[in-house]
Amino acid sequence: MRSIAAVATALLLVLATRVHDVLAFHSVSIGTKARSSISTELRGVRTVARRVRDSITSKERTPEDLKVGIAGFYDRSSKLWEDVWGEHMHHGYYIPEDRTDHKQAQIDLIDEVLNWAEVSEDKPPKSAVDVGCGIGGSSRHIARKYGCTTQGITLSPYQANRGNELAKEQGLADQCTFRVADALDQPFDSNSFDLVWSLESGEHMPDKDKFVNELFRVAAPGGRIIIVTWCHRDLQPGEESLNKKEERLLAKINRAYYLPRWCSVDDYIKLLERNGAQNVKRDDWSYVIAPFWRAVIKSSLNFRSVWGLLKSGFSTQRGAYAMFLMLRGFNMGLIKFGMITCTKPQ
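If you're matching positions, the sequence shown starts at 802 in our numbering and goes up one per residue.
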């Protein structure tokens, strides 16, 4: 806490000095141009101050703040991620754990999840929706694998546009489309998709009940639903909540990644069963993806990545720092890579 306080104090001193300099410089100027310059300078100072305050507080954001923040975060960070890691914006499959072909590990994760969920190539889905699609890496891979159509939704205009660009470049524009839409209010008819795919997006949903309800609504009767998401550990018998240390760590991560309160895999299972889910299956793949964060951190230790991070803006830089918090959460057994699948009743 002392280091955080020291950083916060230093930043606030910089801000105070900046305000003083702006006012001193412009105090000798007159006219509309001077007033406009003062206004512009002060707006910039206020923006920085707001971001500093945002970083050191653990106050929960409102659902609307989360939507705006998520869209902005991914608008700013997706290009950097693609430049360094490619089109798949998710963890990799690390068996064996010392593998170094990281981009292939990300592709393998998609295939291994599909195999685990028993999505058969002998009876492939004809249509799929990718809820929280990023720039569409999973959608395009699934389209190629099964020959099906896919539709992806994201809150980020940049991601939706980039997903469509890549689909066109890869000759998949007739199979894959992407748009800006809210996962809690999806723009699809009920009973539309044989495969409902959500890979590392559930953690962004402020209303998990509504999220699961929407996944069920758009799934076709007999359709397969797959949720792969960050969760906190299941509570033990007699526990009513996580401990304070765990809550504090998650709160810091939430600020960086625009996340609401976390839930457990147990919580998801209860929501699925409330919807009448059949063939429910769960697992914990934390050990499978654990090497990924170390690989991401290591990959950032070069000039190109550092320069890209510096140009990408404050929220992306804060997200980069939060990778260390994520790794700490994994190591202490708090953060779980939850695997959940089921089918919708016929």
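Each residue gets a CB set at the ideal place from its N, CA and C atoms; glycine is no exception.
Identify the continuous alpha helix (DSSP H) that holds residue i and give its terminal residues.
i: Val1013; result: Lys1009 to Val1019
i: Leu1051; result: Lys1045 to Tyr1058
i: Phe874; result: Pro864 to Trp886
i: Gly933; result: First-last for Gly933: undefined, no H or E at that position.
i: Gly938; result: Gly938 to Tyr947
How is the beta strand (DSSP E) around residue i delimited, first residue to last?
i: Gln960; result: That residue, Gln960, is in no beta strand (DSSP E); its alpha helix (DSSP H) goes Pro958 to Glu970.
i: Gln1079; result: Gln1079 to Asp1085
i: Arg980; result: Cys977 to Val981
i: Leu1073; result: First-last for Leu1073: Val1066 to Arg1075, but that is the alpha helix (DSSP H), not the beta strand (DSSP E).
i: Ser991; result: Looking at the DSSP string, Ser991 is not in any beta strand (DSSP E), and its letter there is neither H nor E.
Using C-beta distances below 6 Å, list every residue in its chain close to residue i, excluding the 5 sequence neighbours before and after it, in chain order.
i: Leu973; result: Arg941 and Ala944
i: Ser991; result: Arg1018
i: Cys977; result: Ser940, Arg941, Ala944, Thr951 and Ala968
i: Thr841; result: Confidence at Thr841 is low in this model, with a pLDDT of 48, below 50, so its placement is unreliable and the value that follows should be read with caution. Hits under 6 Å: none found.
i: Ala1091; result: Phe1131
i: Gly1003; result: Ile1028 and Thr1030
i: Pro1007; result: Pro864, Leu867 and Pro1061
Kindly indicate if chain D contains any beta-carbon less than 8 Å away from that of residue i.
i: Leu1000; result: Among the protein chains of the structure shown there is no chain D, as only one such chain exists.
Hey, out of the options, whose CA is closest to residue i's CA?
i: Val981; options: Ile871, Trp1031 and Trp1094; result: Ile871
i: Trp1086; options: Ser991, Tyr894 and Thr863; result: Tyr894
i: Asn1076; options: Tyr959, Glu1041, Val1019 and Gln907; result: Val1019
i: Ile1026; options: Tyr1088, Ser993 and Asn1132; result: Ser993
i: Gly873; options: Ile1028, Asn916 and Ala961; result: Ala961
i: Arg867; options: Asn1055, Asp884, Asp1035 and Gly964; result: In the sequence on display, residue 867 carries Leu and not Arg. Comparing Cα positions, the closest option is Asn1055.
i: Met1133; options: Glu913, Asp884, Lys1046 and Lys860; result: Lys1046
i: Gly887; options: Phe1012, Arg963 and Glu1015; result: Arg963
i: Tyr959; options: Leu1073, Ala1123, Ser878 and Ala1052; result: Ser878
Please go through the same chain and pick out, in chain order, the residues whose beta-carbon is closer than 7 Å to the beta-carbon of residue i, but skip the five residues on each side of it.
i: Leu1050; result: Leu1126, Arg1129, Gly1130 and Leu1135
i: His891; result: Gln907, Leu910, Leu1000 and Glu1001
i: Arg1034; result: Ser1065, Gly1134, Leu1135 and Lys1137
Excluding five sequence neighbours on each side, which residues of the same chain lie with their C-beta closer than 8 Å to the C-beta of residue i?
i: Cys949; result: Pro925, Pro926, Lys927, Ser928, Ala929, Ile943, Gln976, Asp995 and Leu996
i: Trp882; result: Met890
Any idea what DSSP makes of residue i, helix, strand or coil?
i: Ile1141; result: strand
i: Val920; result: coil
i: Gln905; result: helix
i: Ile1028; result: strand
i: Gly1039; result: coil
i: His1033; result: strand
i: Leu996; result: strand
i: Pro897; result: coil
i: Gly1130; result: helix
Is residue i buried or exposed, if buried means 16 or more other CB atoms sit within 10 Å of its CB?
i: Gln907; result: buried
i: Ile954; result: buried
i: Gly935; result: buried
i: Gly1039; result: exposed
i: Arg836; result: The pLDDT assigned to Arg836 is 48, lower than 50, so where the model puts this residue is not dependable; a value taken from the coordinates is nonetheless given after this. Under this definition Arg836 is an exposed residue.
i: Tyr1059; result: buried
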